[in-house]
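In this note's numbering, the protein residues as written are 1 to 191.
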């Protein structure tokens, strides 16, 4: 099973990387335990959560592990899940938090666009009303409510995330520096 699993670079890029010390501690804990306690989360053989554990497994194939297969309608739903999961379980820098909020916003907009195209011939109003969790709010309003922040913060976070990704394309490695807080450009400069 381990050989079938693949890393999707877009999925992996949404997850704040561990520091060298955190990665070493994770590996030490796994080796001492003799197994990985949390399952690798996958979708269509792509790792959605557990990239660091997967890397450790590749170096120590004798370690026991489990895999949990998740179902998503498309890759944007998977990205939304990744962002939600990371926002709910990590000690994040303010920059990482803002980036994940922005990435989630973009992914949810794309997922909604996907549904809009997929169901273009269906009665859109009945589909929307029947979706679980639909409260008649816009994407950024929903994200703001779920993360106890403002709509304007979500909008700024979306611009920030786009700016960080654009900066990474121009200058590889700068994304990690910005998100770790080791360099602190203004929000306007990143945007």
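We put the beta carbon where it would ideally sit given N, CA and C, even for glycine.
May I ask you to list the residues that DSSP assigns as paired with residue i?
i, result
"residue 49", "41"
"residue 64", "35"
"residue 6", "46"
How many angstroms separate the CA atom of residue i from the CA atom of residue j?
i, j, result
"residue 179", "residue 77", "23 angstroms"
"residue 83", "residue 154", "13 angstroms"
"residue 30", "residue 171", "34 angstroms"
"residue 185", "residue 54", "33 angstroms"
"residue 121", "residue 137", "Low confidence applies to residue 121: its pLDDT is 34, below 50, so where it sits in the model is not reliable, and the reading given next is rough at best. Each residue's Cα considered, the two are about 23 angstroms apart."
"residue 25", "residue 68", "24 angstroms"
"residue 91", "residue 45", "28 angstroms"
Where does the unbroken beta strand (DSSP E) through residue i begin, and where does it stop?
i, result
"residue 69", "67-69"
Please determine whether the Cβ atom of residue i lies at a distance below 7 angstroms from any heavy atom of the ligand GDP.
i, result
"residue 173", "The model depicted lacks the ligand GDP and carries no ligand whatsoever."
Which residue marks the beginning of the alpha helix (DSSP H) containing residue i, and which one marks its end?
i, result
"residue 218", "In this structure the chain extends from 1 to 191, so residue 218 is not present and cannot be described."
"residue 28", "20-33"
"residue 156", "151-170"
"residue 74", "Here residue 74 belongs to no alpha helix (DSSP H), and DSSP marks it neither H nor E."
"residue 175", "174-180"
Between residue i and residue j, which are expected to be in contact by the criterion C-beta below 8 angstroms, what is the C-beta distance as a whole number of angstroms?
i, j, result
"residue 161", "residue 103", "5 angstroms"
"residue 100", "residue 47", "18 angstroms between Cβ atoms; not a contact."
"residue 175", "residue 79", "Going by Cβ atoms, the distance from residue 175 to residue 79 rounds to 16 angstroms, so no, they are not a contact pair."
"residue 27", "residue 56", "5 angstroms"
Given a cut-off of 8 angstroms, decide if residue j and residue i are closer than it, judged by their beta-carbon atoms.
i, j, result
"residue 34", "residue 63", "yes"
"residue 105", "residue 166", "no"
"residue 61", "residue 2", "yes"
"residue 74", "residue 111", "yes"
"residue 59", "residue 18", "no"
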